[in-house]
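The sequence shown maps to residues 1 to 203 in the numbering used here.
Beta carbons are placed, not taken as given, at the ideal position from N, Cα and C, and that holds for glycine.
The block underneath contains the structure these notes are about, expressed in structure tokens.
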Amino acid sequence: MASGGHPEGAALVTRHDQLAGSLARLQRLAASRQAALMESVCRLEYLAESAELEEWVAEQQAAASSEDYGQDYEHLLILRYKFEELRHRVESGGERFNQCEELAKKLVASDSPYIADIEKRQEGLGESWERMVEKIQSRSQRLAAAGEIHRFHRDAGDLLARAGERRAHLAPPPTPRDLRAATALLRDHDAAENDMVSIDAQT
1 MASGGHPEGA
11 ALVTRHDQLA
21 GSLARLQRLA
31 ASRQAALMES
41 VCRLEYLAES
51 AELEEWVAEQ
61 QAAASSEDYG
71 QDYEHLLILR
81 YKFEELRHRV
91 ESGGERFNQC
101 EELAKKLVAS
111 DSPYIADIEK
121 RQEGLGESWE
131 RMVEKIQSRS
141 QRLAAAGEIH
151 RFHRDAGDLL
161 ARAGERRAHL
171 APPPTPRDLR
181 AATALLRDHD
191 AAENDMVSID
201 AQT
């Protein structure tokens, strides 16, 4: 325009350059604002997910801290079944923890102004997770030990009951009056003796 001799050509070129500069600044500002908004969305998503996960971890840790080992072997089997369900839930929850960890890394890599807070929160979450895993391992070992004890008591009770029955059979019988009664008495004695040998082998 300016070279075409338009009377306001120079002013129009200047104005065009000013508008182009303003547009470029506006685009940079919009891009910066969009990046800040995306960072805020990711941060809020991370904070919500990490808070929910932290609460869930505390619940699982409380369940793994139980000191209940059952009243007997059958009760212990129920507790072990529930414990296996807990262990399965925690294994499935590992995926949530990994996703939370990845989101935290993404935020730290984005030069968020909240890097220190995010790192501190994720470190605390990681420590809580480790404590929960340790509690689960400890509970597993303690349940196994309790199983051995309950099994011993059950087996010992069974043996004592059988021994009591045999003892009653071995009480001095009345003197047999004929050969048939003596033979039956001898058979009972042999059976009781065999049972005692069997019980002795189990102890």
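Please check the pair residue i and residue j, which I expect to be a contact at CB under 8 Å, by giving their CB distance rounded to whole angstroms.
i	j	result
L53	R96	6 Å
L185	Y69	Their Cβ separation, rounded to whole angstroms, is 47 Å, which puts L185 and Y69 out of contact at 8 Å.
D195	R162	7 Å
L76	H153	Rounded, the Cβ-Cβ distance is 11 Å, inconsistent with contact.
P176	A182	4 Å
Let me make sure I understand the geometry here. Which of the options has the alpha-carbon closest to that of residue i?
i	options	result
R166	R25, D190 and L179	D190
R139	R177, Y81 and D72	Y81
E134	D158, G21, Q61 and V13	Q61
Y114	E67, A10 and C42	C42
Q141	L47, R28, E67 and D17	E67
A48	R180, E130, C100 and V197	C100
Do residue i and residue j have their C-beta atoms within less than 8 Å of each other?
i	j	result
L125	S50	yes
Q122	A104	yes
S112	E55	no
I136	R87	yes
V57	S128	yes
List the endpoints of the continuous alpha helix (DSSP H) containing residue i.
i	result
Q71	Element bounds for Q71: n/a, residue is neither H nor E.
T14	G9 to A64
Could you check whether the Cβ of residue i sits closer than 7 Å to any heavy atom belonging to the ligand NAP?
i	result
A58	Summarising the ligand content, the structure contains no ligands, and the ligand NAP is consequently not present.
I'd like the list of long-range same chain contacts for residue i, defined as Cβ closer than 7 Å, with 5 residues on each side in sequence excluded.
i	result
M1	Residue confidence for M1 is low, a pLDDT of 48 falling below 50, so the modelled location carries little weight; the figure read from the coordinates is stated next. Hits under 7 Å: G9, L12 and V13.
A63	L86
E119	V108
Leaving out the 5 sequence neighbours to the left and right, which residues in its chain are closer than 6 Å to residue i when beta-carbon positions are compared?
i	result
M132	V57, Q60 and Q61
Can you give me the Cβ contacts of residue i inside the same chain, cut-off strictly under 8 Å, excluding the 5 residues immediately before and after it?
i	result
K106	C42
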